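For what it's worth, mature numbering (1 follows the signal peptide of the UniProt record, and there is no 0) labels the leading residue of the sequence shown as 652, then goes sequentially.
Glycine included, each C-beta is placed from N, C-alpha and C at the ideal position.
Here the structure is a predicted model, which means the values were calculated and not measured.
What follows is one structure encoded as structure tokens, with my remarks underneath.
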Amino acid sequence: QAKRFGGDRVEPFRPAFRTAGSDKMQLESDLRRAIERGEISLAYQPIVRADDLSIAGFEALLRWNHPRRGEVQPAEFITLAERSELIVDLGNHALELAMRRLMDWDVLLPDADLFLSVNVSSQQVMGRDFANTLSNMQARFAHRKHTLRLEITETVLMQNPEHNAHVLEKVKSLGIGLAMDDFGTGYSSLAYLSKFPFDTIKLDQSLVRNQWAQRDILLQSVISMADNLGLSTVVEGVETEDDLVKLRKMGCRYIQGFIAGVPVNGSVATDMVAAQNPLVKDDAAAE
Ligand code: C2E
Ligand code: MG
Ligand code: MG
Ligand code: MG
Numbered sequence: 652q653a654k655r656f657g658g659d660r661v662e663p664f665r666p667a668f669r670t671a672g673s674d675k676m677q678l679e680s681d682l683r684r685a686i687e688r689g690e691i692s693l694a695y696q697p698i699v700r701a702d703d704l705s706i707a708g709f710e711a712l713l714r715w716n717h718p719r720r721g722e723v724q725p726a727e728f729i730t731l732a733e734r735s736e737l738i739v740d741l742g743n744h745a746l747e748l749a750m751r752r753l754m755d756w757d758v759l760l761p762d763a764d765l766f767l768s769v770n771v772s773s774q775q776v777m778g779r780d781f782a783n784t785l786s787n788m789q790a791r792f793a794h795r796k797h798t799l800r801l802e803i804t805e806t807v808l809m810q811n812p813e814h815n816a817h818v819l820e821k822v823k824s825l826g827i828g829l830a831m832d833d834f835g836t837g838y839s840s841l842a843y844l845s846k847f848p849f850d851t852i853k854l855d856q857s858l859v860r861n862q863w864a865q866r867d868i869l870l871q872s873v874i875s876m877a878d879n880l881g882l883s884t885v886v887e888g889v890e891t892e893d894d895l896v897k898l899r900k901m902g903c904r905y906i907q908g909f910i911a912g913v914p915v916n917g918s919v920a921t922d923m924v925a926a927q928n929p930l931v932k933d934d935a936a937a938e
């Protein structure tokens, strides 16, 4: 069923790509030029309400359409970019593309109420003037109806917690949401929640994939904890009906995963929301 949303977007790993040093350098210099050449785009994966699978928002995922190698997945080039300053340019480019999309949605989807979640690297947050960069972008790509959300992985924000907390407070005051990504994979998740102003946590797909007999207890505990803290929860990587049913019973509100939709291009994403919008209106009228 996920296929009908454009299954071509999720591709198997290409081992030939995990390559020797010189090839990596080539890739890095290619990446530097990719932004200017317009080879970088965003794919949009729906984040849906667990109860009826209606679309609440999307996660924006970087895609690189390499002239010779074809579509390069983020696993290949994000780590590479994070080893240098390149990630800041790449990350800012992703933010600009996302804000443009939000502007388009103001016009194309005036009746919907969506969020668009963009991954940001900690190097962006820790770099100079991140909040300023964002507010300048907001001025250039003004959008009013739908909201931007940032996804930040629990990696190295703790290296300079006071500074980073200050930056994130400023970001929040711009009306931008903050989600803690890959929750449950690091060792300081709980400390992060008390230090930084996150409003959403995204449970990493490894927690769903966990074969441990106590997995359900673990998931239930995290969902309840987030609920008690007033945080919104998105469970990532939900692939089976079985897990979906279980997560609903646990009180999970939002899910993201192949069962609800794979990453698709921007116009398909827009169409998906447009197609569900009459239904949303009918529901409202019935109440
Ligand atoms: P992430 O933020 O945890 O994004 C979720 C990843 O899981 C995506 O892979 C998505 O396609 C995949 N996924 C979603 N649902 C399922 C499912 O049901 N099953 C399985 N097996 N996988 C699922 P993708 O697009 O390859 O992105 C990988 C990572 O690259 C992202 O992980 C994120 O950390 C990073 N990334 C993507 N775009 C950006 C960006 O603009 N900036 C930065 N800094 N990182 C990015
Ligand atoms: Mg993410
Ligand atoms: Mg994640
Ligand atoms: Mg992840």
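Review point. Out of curiosity, what's the CA-to-CA distance linking L748 and D833?
Key: 23 Å
**Study point:** Beta-bridge pairing of E802 - partner residues as DSSP gives them
**Key:** N770 and A830
Check your understanding: Leaving out five residues before and five after E890 in sequence, what residues of the same chain have Cβ atoms less than 7 Å from its Cβ?
Key -> G908, F909 and I910
Practice item. Going by CA-CA distance only, name the one from D894, D893 and L844 that's closest to D878. Key: L844
Review point. Given a threshold of 16 other Cβ atoms within 10 Å of its Cβ, counted over all protein chains shown, does G689 qualify as buried or as exposed?
Key: exposed
Check your understanding: Hey, how far is the Cα of V769 from the Cα of Q865?
Key -> Here the C-alpha atom of V769 lies approximately 32 Å from the C-alpha atom of Q865.
Point to revise | Own chain partners of V818 with C-beta closer than 7 Å, once the 5 adjacent residues on each side are dropped | key: Counting only Cβ-Cβ distances below 7 Å, and skipping sequence neighbours, we find V776, F781 and A782.
Practice item. Classify S875 as buried or exposed, calling it buried when 16 or more other Cβ atoms lie within 10 Å of its own Cβ. Key: Counting of Cβ neighbours within 10 angstroms places S875 among the exposed residues, the total staying below 16.
Review point. When the cut-off is 7 Å and only beta carbons count, does V885 lie next to chain D?
Key: This model lacks chain D altogether; it includes just one protein chain.
Point to revise | Cβ-Cβ separation, L753 to L741 (assumed contact under 8 Å), whole Å | key: Not quite, the Cβ-Cβ distance comes to about 19 Å (not below 8 Å), so this is no contact.
Check your understanding: Does DSSP put residue 955 in a helix, a strand or coil?
Key -> In the structure as shown, the chain begins at 652 and stops at 938. Residue 955 is therefore absent and cannot be evaluated.
Practice item. Verify the contact flag: D832, CB atom, against every heavy atom of ligand 2, threshold strictly below 6 Å. Key: yes
**Study point:** L895, enclosing alpha helix (DSSP H) - first and last residue
**Key:** E892 to K900
Review point. Quick one: what's got a C-beta closer than 7 Å to R700's C-beta in the same chain, skipping five residues either side?
Key: A707, R904 and Y905
Check your understanding: Is the beta carbon of L869 sitting closer than 7 Å to the one on V886?
Key -> no
Exercise for review: Alpha carbon to alpha carbon, how far is L829 from L820? Give it in angstroms, no decimals.
Suggested key: In the sequence as presented, Leu is not what sits at residue 820; that position holds Glu. Taking the straight line joining both Cα atoms gives about 10 Å.
Check your understanding: Would the beta-carbon of E733 be found less than 6 Å away from any heavy atom of ligand 3?
Key -> Taking the Cβ of E733 as the reference point, every heavy atom of ligand 3 lies at 6 Å or farther away.
Practice item. Go ahead and label I738 buried or exposed: buried means 16 or more other beta carbons lie within 10 angstroms of its beta carbon, across all protein chains shown. Key: buried
Check your understanding: What did DSSP end up calling A920 once you bin it into helix, strand or coil?
Key -> helix
Practice item. With hydrogens ignored, establish whether the beta-carbon of I729 is closer than 6 Å to any heavy atom of ligand 1. Key: yes
Exercise for review: Indicate whether P848 and A694 have their beta-carbon atoms separated by less than 7 Å.
Suggested key: no
Practice item. Name the one or two DSSP bridge partners that W715 has. Key: Beta-bridge pairing links W715 to I691 and V723.
Review point. Relative to the alpha-carbon of D855, which residue among V822, V807, L841 and G835 has its alpha-carbon at the smallest distance?
Key: G835
Check your understanding: When you compare each of D922, V919, S918 and V896 to D703 by their alpha carbons, which one comes out closest?
Key -> V896
Check your understanding: Any idea which residues DSSP pairs S883 with across the strands?
Key -> The partner list for S883 (beta bridge, DSSP) reads T851.
Review point. How about H794 and D850: are their beta carbons less than 7 Å apart?
Key: Their beta carbons are not under 7 Å apart, which means H794 does not touch D850 by this criterion.
Practice item. On a CA-only basis, which of G881, A711, A842 and I691 is nearest E805? Give me that one, please. Key: A842
Review point. What separation, rounded to the nearest whole angstrom, lies between the Cα atoms of T798 and D681?
Key: 32 Å
Review point. Under 6 Å from any heavy atom of ligand 3, does the C-beta of E887 make it?
Key: yes
**Study point:** For I803, the nearest candidate out of P812, Q871, S773 and T921 (CA to CA)
**Key:** S773
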